[in-house]
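*Asks:* Protein chains in written order, with my numbering: chain A, 1471 to 1749; chain B, 2 to 322; chain C, 49 to 369.
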Ligand SMILES: Nc1ncnc2c1ncn2[C@@H]1O[C@H](COP(=O)(O)OP(=O)(O)OP(=O)(O)O)[C@@H](O)[C@H]1O
Ligand SMILES: [Mg+2]
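1) Can you determine whether any heavy atom of ligand 2 sits closer than 7 Å to the C-beta of residue 1636/A, and answer yes or no?
2) Under 8 Å between C-beta atoms, does residue 1724/A make it to chain C?
3) Using a Cβ-based criterion (distance less than 7 Å to any ligand heavy atom), does residue 146/B qualify as near ligand 1?
4) Under 7 Å, CB to CB, which of the residues in the region 339–355 of chain C have a partner in chain F?
5) Which residues in chain A sit within 8 Å of residue 326/C, going by Cβ to Cβ distance?
6) Contact criterion: CB-CB distance below 8 Å. Does residue 1738/A meet it with respect to chain C?
7) Can you pull out the residues from the region 59–70 of chain C whose beta carbon lies closer than 9 Å to at least one beta carbon of chain A?
8) Helix, strand or coil, according to DSSP, for residue 117/C in the structure here?
9) With a threshold of 7 Å, establish whether the CB of residue 254/B neighbours any heavy atom of ligand 1.
10) Pull the bridge partners of residue 1636/A from the DSSP assignment, please.
11) With 16 as the cutoff for other CB atoms within 10 Å, does residue 274/C come out buried or exposed?
12) Residue 1526/A to residue 224/C, Cα distance in whole Å?
13) Which residue wins for smallest C-alpha separation from residue 109/B, given the options 272/B, 254/B, 274/B, 195/B?
14) Taking the alpha-carbon positions, what's the residue 328/C to residue 1579/A distance?
15) Near residue 314/C, what residues of its chain come up, given a Cβ to Cβ distance below 8 Å and the 5 sequence neighbours on each side ignored?
16) In the DSSP output, what is residue 1654/A paired with across the bridge?
17) Using a cut-off of 9 Å between C-beta atoms, extract the partners of residue 109/B located in chain A.
18) Can you have a look at residue 213/C and say buried or exposed, based on whether 16 or more other CB atoms are within 10 angstroms of its CB?
19) Write down every uninterrupted run of the alpha helix (DSSP H) in the region 76–115 of chain B whose length is 4 residues or greater and which is fully enclosed by it, in chain order.
20) Measuring only the C-alpha atoms, how far is residue 350/C from residue 1690/A?
21) Find out if the Cβ-Cβ distance for the pair residue 362/C, residue 297/C is shorter than 8 Å.
22) Taking 8 Å as the CB-CB limit, is residue 1632/A close to chain B?
23) Under the rule that 16 or more other beta-carbon atoms within 10 Å means buried, what is residue 1562/A, buried or exposed?
24) Could you tell me whether any Cβ in chain A is nearer than 8 Å to the Cβ of residue 77/B?
25) Buried or exposed for residue 248/C, going by 16 or more other Cβ atoms inside 10 Å?
26) Does the Cβ of residue 1734/A have 16 or more other Cβ atoms within 10 Å, making it buried, or fewer, making it exposed?
27) Starting from residue 1611/A, trace the alpha helix (DSSP H) in both directions and tell me its first and last residue.
28) Quick one: is residue 1486/A buried, meaning 16 or more other Cβ sit within 10 Å of its Cβ, or exposed?
29) Out of 148/B, 317/B, 282/B, which has the shortest C-alpha to C-alpha gap to residue 292/B?
30) Return the bridge partner residues of residue 58/B from the DSSP annotation.
31) Just checking residue 112/B against ligand 2 - is the residue's beta carbon closer than 7 Å to any of the ligand's heavy atoms?
32) Name the residues in the region 1650–1681 of chain A whose C-beta lies less than 8 Å from a C-beta of chain C; which are they?
33) With residue 105/C as the anchor, note down where its alpha helix (DSSP H) starts and where it stops.
34) Residue 121/B touches chain A at which residues, Cβ-Cβ below 7 Å?
35) Excluding the 5 residues flanking residue 337/C on each side, which residues of the same chain have their C-beta closer than 7 Å to its C-beta?
36) Secondary structure at residue 119/B, three-state DSSP: helix, strand or coil?
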């Protein structure tokens, strides 16, 4: 499909946003005094030259919390995306390539899973597992794979039915060989694009979970900042500087990855148009 | 190619030293079932053998089951009934080693070259792949040497080998597919309309390349085509397919000089005749045949053998009216 | 065949509901730790630990000393009698809480879903048709941007501006049950706006893709060349064929709308299912959390089943067979 956006512009915008976040993460590793004042006893003091983004309910520098939060959000975004993409790819390839009853079962399982509202289920799971970094990653990773699985499965089926795979069996290639050497490289484009999109989703999901109060209190993320702003009265105080910046960061980061992923997807689609018509 | 004694009606052809049967199928049928309902009999009781070194052409109109037959002979799809033999053994009961041997010695070239190679692989790797699967080269250098020599035979430069399928022309891709099938030094090449997607001059060049390679290396070719002129020029023997059956076979010379089946003669003369159409007539040519009789509609004509390698499925030849 | 397919499709949803109930049943019992904690919530668990009599009576009421399969039957039995358990953080029957609060969630989600399906479909249709003009590109980009903004954050921003700074809308909460409708509208204005904005952007993105795909098909060129008017054309040739896939996507989107609504409710302190889940999480009131989740899941699954049936009835390919 020809993209509405010119892919290069799209990807440039995405890459710029992603780089901005990576820069934030990098800055967060500098010694604390470098990027924010460490002492400020006044809660809810508005932005000033000492506290560029003001302070929050306990007098913490918002910029500092924001920079530290970038690590958590991005890290969970990546880890959650890795787990879900690996599961989705394995399920998708297995179902699409084995075909028959395996495909039937895995395929309808995937379709069913898609129907379950993901965030509420994640909330329940996370509430049971308890608040920790790893649990958030697990909950997102274990529940966000069906879309990937569905796309990979469709692609793997296409490849499985294509002439060159039939020919490969003809010259004596084994199934595992074909999966590893031929199916994987051909689904790789889908997988990569899905991965980038999954990073975006993971960041949003993590923010949602943290907003509802299920994030790791030891590692406050951007979503957690919104949670505190909501529950501890920053909104009612009109302390906009405590919740406007994290919201912008969440939106920009997820937008950046979405743009990047969409660019990759449309590029990939136009490149494989002819193979798409094999099956 | 045929010896001149046409006296005996031998059912089993004695394997003469130079002409031993490599692949043979007996009474194979292939029925495709559709997910919704119904099914389609694409190949309907075909027996055919490919002998060492010969060039056998299969001609027939679109949908007559040529591709299906070719794939069955190459072991790519399982027939619904009937069996395929390789060097005298049914291919379903080959053991691992024999199966590998079969997949090395019998090479299939699909109808559409643009779908024959993995689009994400470099052409070089695709050509070298059969060697790797069969561990035919001990080192990278040896592999390069073999790939180079088969590619050179089909006029492919190393530069073209370094591209992916989408970056070469259809003719070049077809040659790459040929080079790949030649890499294992096969004994049978099953080529399914290898030239149908190309322009006439490229067609001629590719056919030339196949014939040269065949003369030099001595493999047998099953050449599927619907190009009558081509079949006449290149083949030793010819099978004519219609509606999933072989309705006539014989040496190329005989078929072209004196076609026996009304369908074959209509192919050559280009004349058509349209009678009332009957959906499930026993003879697939029934509704277009100007010589048809009642029996043609009701019972399938058996194969009437005339001479040692000549057969036709037409009631007109078996039973004078 | 048709009815068979229909039931096969439908039985999937029954299986799904059953699996969700099973997971709900198993979660508290298989988690590390005392299942009593999860089944009664933190507060009661603390009390029960100190009071062995209470502990005994509670665990026998839920059959916690019985084998799992018998517990499951008790669980299902309670469920069918509408007994969702007791919420100790509210000191009320859970079913009462749900009956009171579910309408509040529907008040928010139904209008915004309907609005966003209409707006999103119309927008997507026009965006997907000749999508390369500058205004259309900008609109498409805006849709993507809106879609990546967390709804609850947008809600917070709107609250800041309209309630806190301008004082136009209430800061949150719901009017009492008997309040005049105008009061509800005043409270619901912002939440519905946020959800509609977000969901129409999403629907528009999907619809744009579908329209674009269809507009590339050859029949569209034919239809246009026949001189159909733009409106006729887009309803008959763009909307009609994309309707089945649109419906099933819309159903999945209902799931997202609900997820979004849950969080938006929290921002507006609107005491619907999302707010309830939030409070349950804060209070560690597991039975309430589970009941709220089950309700939300049931609604979303039902929406999907309905959409499935509708798209099944509308799909010309299905109707043919
Ligand atoms: N995988 C399949 N599933 C169902 N039907 C098939 C399949 N492959 C072939 N057929 C049907 O079998 C019949 C014979 O097909 P086949 O490809 O063998 O024809 P062909 O002689 O090679 O034609 P062409 O000259 O057009 O290539 C056709 O009617 C076709 O529709
Ligand atoms: Mg064919």
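We treat Cβ as the ideally placed atom computed from N, Cα and C, and that holds for glycine.
*Replies:* Based on what the coordinates show:
1) no
2) yes
3) no
4) Among the protein chains of the structure shown, namely A, B and C, there is no chain F.
5) 1682, 1683
6) no
7) 60, 61, 63, 64, 67, 68
8) helix
9) no
10) Looking at the DSSP assignment, residue 1636/A forms no beta bridge with any residue, so it has no partner.
11) exposed
12) 33 Å
13) 195/B
14) 30 Å
15) 200, 322, 323, 326
16) Partner(s): none; residue 1654/A has no beta bridge.
17) 1636, 1637, 1640, 1641
18) exposed
19) 97–106
20) 37 Å
21) no
22) yes
23) buried
24) yes
25) buried
26) buried
27) 1603–1613
28) exposed
29) 317/B
30) 224/B, 239/B
31) yes
32) 1670, 1674, 1677, 1678, 1681
33) 100–109
34) 1655, 1656
35) 325, 328, 329
36) coil
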